[in-house]
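What follows is a short report on a single structure.
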Amino acid sequence: MLMTVQSRSKRFLLFALILLGGLAATAKLPVIAQTQPGSLRLVDMVRFYSGLPHQARSLQLLQQQIDNRDPQLLQADSIAANVWRNSTTLVGHTDIFNQISAKNRTGPDPLTLATNAANVRVGGPVDIEVLPSPGVESPSQVMVTITQGGILDDSVAGVRNRFDIQQQNGQWTIQRAGRQVRCQAGRGHQDFSAEICS
């Protein structure tokens, strides 16, 4: 009888130690996450768990953080706003669609259409970003952003042109086009915006 009680006591003690060890390990998880910030990234969760509950859970957690800190965060990002919304003009941009002649709105290559319409200057720094639609192997829509710096102007320091281009009948056509500017120091806003510089 005494052996049975001791045996049970040992088993209970062992179980308690395992349980406490597990709780201690769980308590250390946030510390581990802080020391290894690259070990869990939302982008990886979305790519790897596409369509699975883990993806939805990660996005829900992120959305809660966004809602608590800055509810207008996604709306304020011009690319996110314009990919999501189906408006006739690009949100947060000066509409320049009508400044592009009809014959220059259609062609076999979307990047050529965008660079020609943006009037890219040789010599200054230029950054080009092409964001395809989900059909990566054969996208039917791309958003091309061309940012130019080093502008020789008293008030404008940089120009960003953005083009929403869709494929129709084997040809690419500019559907929407917008422009943002960044001002020289002391001449207005230092972020790209549709607002004019002083």
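So in full-length UniProt numbering, spot 1 of the sequence shown is number 1, and the numbers just go up one at a time.
From the three backbone atoms N, C-alpha and C, an ideal C-beta is built for every residue, glycine too.
Given the structure is predicted, the values throughout are model-derived calculations rather than measurements.
The C-beta distance from residue 157 to residue 180 rounds to 12 angstroms, too long to meet the 8 angstroms contact threshold. Excluding the 5 residues flanking it on each side, residue 189 has same chain C-beta neighbours closer than 8 angstroms at 182, 183, 195, 197, in chain order. Per DSSP, reduced to three states, the secondary structure at residue 163 is strand.
Classified as buried, residue 178 has 16 or more neighbouring CB atoms from the shown chains inside 10 Å of its CB. About 7 angstroms separates the beta carbons of residue 74 and residue 66, which is inside the 8 angstroms limit, making them a contact pair. Beta-bridge partners of residue 112 (DSSP): none assigned. Taken in chain order, the unbroken stretches of beta strand (DSSP E) that lie wholly in the segment 124 to 197 and span 3 residues or more are 126 to 132, 141 to 148, 156 to 168, 171 to 183. Ranked by Cα distance from residue 175, the first of 95, 70, 41, 77 is 95. DSSP links residue 95 through a beta bridge to 178.
Minimum Cα-Cα distance from residue 106 among the listed residues 193, 186, 191, 163 corresponds to 163. Between residue 161 and residue 146, the CB-CB gap stays under 7 angstroms. Cβ-Cβ distances below 7 angstroms link residue 170 to nothing in the same chain once the five nearest sequence neighbours on each side are left out. Looking only at 111, 186, 133, 140, the smallest Cα-Cα distance to residue 127 is reached by 111. Residue pairing for residue 106: DSSP places it in a beta bridge opposite 173. Contact between residue 121 and residue 148 holds: their C-beta atoms lie close to 6 angstroms from each other, under 8 angstroms.
Per the coordinates, the alpha-carbon of residue 167 lies some 13 angstroms from the alpha-carbon of residue 144. Here residue 66 carries a helix assignment [DSSP, helix/strand/coil]. Collapsing the DSSP output to three states places residue 122 in coil. Residue 62 counts as exposed, since fewer than 16 other C-beta atoms from the protein chains shown sit within 10 angstroms of its C-beta.
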